[in-house]
């Protein structure tokens with residue numbers, strides 16, 4: 001059921017974490033890694049978690065691998081998939097880890113083959129750090145991995161699900177459009193808002209940068225962590241999940257404008273009603289094990 | 001230099017934490033606590049961190065205390081101050097822990113006495129939990145406490161600064177208006193935005209509440225923690241810091257609208273420029289010791 005050999009294309013945080021975990025956790029015998037950057041290739045060789053490393057498209061590895069996972073930036077996935085699909089071996093599986101799914105599926109449709117299963121995926125895990133040195137084998141433990149298969153019933157879906165479960169993840173199958181809307185709400189728009197707020201604070205000429213840093217506890221600090229995520233990746237996420245992102249942002253601006261109006265007119269009841277209802281969802285997240293009550297912090 | 005006796009009015013998270021720390025860390029001999037809630041009074045008696053507990057205004061304690069700190073909700077501070085000032089003993093100090101300063105100072109001005117120093121304060125510390133059982137003596141360690149004295153040169157300012165330093169805080173003196181603008185940027189608006197976003201997500205009829213909880217990692221989860229803060233306190237913060245909050249919210253909406261437009265028109269350069277500049281401030285917060293690189297989390 002498991003994969004004997006895998007090829008990871010793109011050895012950033014996610015790719016290098018999968019490569020690190022594949023042998024010890026998922027019973028993979030051979031792990032190959034490819035990256036278009038010579039620096040990254042050199043780092044991966046030095047770190048020693050791969051059986052073979054190649055700079056560039058790595059067609060010689062792709063021709064042998066049972067599973068190829070594309071861990072390149074979202075904007076490159078369709079292009080790399082189109083290049084790699086023709087050389088993959090019959091019966092192999094092609095997956096990816098991109099944060100958006102519908103646009104990528106549309107782009108690769110013309111390149112599909114009957115004898116290679118394409119099963120797009122999205123592990124919901126990460127840190128604000130990037131690059132091969134930031135990865136670690138435990139990154140996916142107790143996290144969700146969403147798969148958006150083109151054909152739910154294909155036996156390779158169960159096989160890839162088992163791979164992610166072996167890495168410690170809970171696997172969920174989902175329609176690609178629904179995936180994009182859910183993630184716009186729970187991840188993409190929160191990131192956009194964090195980037196915006198941190199930028200607004202930096203630009204405030206009445207508040208110097210030093211004071212923003214000094215008094216960042218209690219609220220702002222959490223936003224800066226989110227806003228320190230990889231800029232190139234997030235640009236690509238927003239551009240490839242445009243419709244769902246814009247839809248959620250518009251609702252958010254409407255809601256913020258209503259609260260702003262309540263503050264202007266001293267409408268304490270509207271504020272209180274709104275603030276009280278958001279507490280419940282926090283309780284459910286803590287209860288579901290998605291977070292600790294105060295995740296080890298004391299402020 | 002230190003205070004022999006203190007009275008804490010309002011035994012919530014902040015008040016009960018000061019009461020817990022005063023003897024062991026700041027050389028206080030007698031700690032009195034007052035609260036208008038019979039339940040809270042009973043809890044404080046049971047927890048045993050006070051030498052005397054009173055329900056209501058506690059004028060008998062106020063007549064003896066060297067330092068009175070008002071830890072009641074922001075909207076109640078001016079009213080409680082006006083009631084307690086006439087019974088305080090000559091030479092005593094009155095302070096508070098409210099999150100906004102200008103409106104409160106304006107409201108208590110008519111009640112000032114020449115022989116009692118009023119030194120408004122704001123410890124920047126807290127958790128999303130409330131009530132006397134949530135407090136702990138270490139809450140203020142390595143946190144900032146901002147004092148906004150009416151007279152910077154008064155010797156009691158140094159005395160109160162030493163009290164907060166003994167509790168582990170770094171003390172900063174600031175003009176009240178500047179305090180309100182800095183805090184609107186670094187704390188109040190981040191909270192308003194977190195409340196708004198969590199509410200928007202809950203209302204999205206295309207995303208069920210279960211999915212918001214399930215896939216809350218990577219962004220949204222941090223917002224839910226912030227949005228779980230005490231609703232009554234935050235209503236009062238926004239209403240008492242109206243002008244500065246509205247000013248920052250308006251700039252934020254302008255900036256978000258510009259990024260939304262960039263997404264709509266696929267203007268990746270604008271997005272990337274914006275996202276790249278916010279990374280620097282995170283680095284400075286980590287370097288300043290205000291936060292750990294990843295505060296012990298792995299996603």
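Residue numbers (full-length UniProt numbering), protein chains in the order written: chain B, 1 to 299; chain H, 1 to 299. Beta carbons are placed, not taken as given, at the ideal position from N, Cα and C, and that holds for glycine.
**OP:** Could you work out which residues of chain H lie near residue 268 of chain B, taking near to mean beta carbons separated by less than 7 Å?
**Re:** 235, 239
Original post:
Is it the case that the Cβ atoms of residue 72 of chain H and residue 80 of chain H are separated by a distance below 8 Å?
Top reply: yes
Original post:
So residue 16 of chain B is in the alpha helix (DSSP H); what residue range does that whole segment cover?
Top reply: 13-26
Subject >> Beta-carbon gap between residue 227 of chain H and residue 282 of chain B smaller than 8 Å >> reply: yes
Original post:
Going by the CB atoms, is the gap between residue 99 of chain B and residue 307 of chain B shorter than 8 Å?
Top reply: As shown, chain B starts at 1 and ends at 299. That puts residue 307 of chain B outside it, with no answer to give.
Subject >> Test: residue 271 of chain B CB closer than 8 Å to a CB of chain H >> reply: Residue 271 of chain B belongs to the set of residues whose beta carbon lies under 8 Å from a beta carbon in chain H.
**OP:** Closer than 8 Å by beta-carbon distance: list the chain B residues that pair up with residue 100 of chain H, in chain order.
**Re:** Within 8 Å Cβ-Cβ: nothing; residue 100 of chain H doesn't reach chain B, min ~12 Å.
**OP:** Report the option in H:126, H:18, H:22, H:11 whose CA atom is closest to the CA atom of residue 4 of chain H.
**Re:** H:22
Original post:
Cβ of residue 255 of chain B less than 8 Å from any chain H Cβ?
Top reply: yes
Subject >> Buried versus exposed call for residue 265 of chain H [16 or more other C-beta atoms within 10 Å across all chains shown] >> reply: exposed
**OP:** Output the boundary residues of the beta strand (DSSP E) element that contains residue 202 of chain H.
**Re:** Element bounds for residue 202 of chain H: not the beta strand (DSSP E) but the alpha helix (DSSP H), 189-203.
Subject >> Beta-carbon proximity list for residue 237 of chain B, same chain, < 7 Å, skipping 5 on both sides >> reply: Same-chain partners within the cutoff: 74, 99, 100, 188.
**OP:** Just the chain B side, please: which residues come within less than 9 Å of residue 227 of chain H by C-beta, in chain order?
**Re:** 275, 278, 279, 281, 282
Subject >> CB contact check: residue 171 of chain H to chain B, cutoff 8 Å >> reply: no
**OP:** Taking C-beta pairs closer than 7 Å, name the residues in chain H that residue 211 of chain B reaches, listed in chain order.
**Re:** 182
Subject >> chain H contacts from the region 143-165 of chain B (Cβ-Cβ distance under 7 Å) >> reply: 143, 144
Subject >> Distance, residue 56 of chain H Cα to residue 42 of chain H Cα >> reply: When rounded, the distance between both Cα atoms is 13 Å.
Subject >> In chain order, each alpha helix (DSSP H) run of at least 4 residues that lies wholly inside the region 93-180 of chain H >> reply: 102-108, 155-166
Original post:
residue 213 of chain H by DSSP, collapsed to three states: which one?
Top reply: helix
**OP:** Express the C-alpha separation of residue 121 of chain B and residue 78 of chain B in angstroms, rounding to a whole number.
**Re:** 13 Å
Original post:
Counting Cβ pairs closer than 8 Å, one from the region 194-207 of chain H and one from the region 272-280 of chain B, do we hit at least three?
Top reply: Between the region 194-207 of chain H and the region 272-280 of chain B there are three or more C-beta pairs closer than 8 Å, enough to call the two in contact.
Original post:
Where does the unbroken alpha helix (DSSP H) through residue 224 of chain B begin, and where does it stop?
Top reply: Looking at the DSSP string, the run of the alpha helix (DSSP H) that includes residue 224 of chain B is 220-226.
**OP:** Look at residue 40 of chain H and residue 132 of chain H and say whether their C-beta atoms are less than 8 Å apart.
**Re:** yes
**OP:** Just mark residue 29 of chain B as buried or exposed, buried being the case when its beta carbon has 16 or more other beta carbons within 10 Å.
**Re:** exposed
Original post:
What residues of chain B sit near residue 242 of chain H, judged by a beta carbon separation below 9 Å?
Top reply: Those within 9 Å of residue 242 of chain H in chain B are 263, 264, 266.
Original post:
In this structure, what does DSSP give as the bridge partners for residue 7 of chain B?
Top reply: Looking at the DSSP output, residue 7 of chain B shares a beta bridge with B:32, B:68.
**OP:** Inspect the beta-carbon positions of residue 230 of chain H and residue 102 of chain H and report whether they are closer than 8 Å.
**Re:** no
Original post:
For residue 48 of chain H, which of helix, strand or coil comes out of DSSP?
Top reply: coil
Subject >> Proximity test, residue 288 of chain H beta-carbon vs the ligand SAM heavy atom, cut-off 7 Å >> reply: With respect to the ligand SAM, the structure shown offers nothing to examine, as it has no ligands at all.
**OP:** Quickly, what does DSSP pair residue 63 of chain B with across the bridge? List them, please.
**Re:** According to DSSP, which records beta bridges pairwise, residue 63 of chain B is partnered with nothing at all.
Original post:
Of all the CB atoms in chain B, is at least one closer than 8 Å to the CB of residue 214 of chain H?
Top reply: yes
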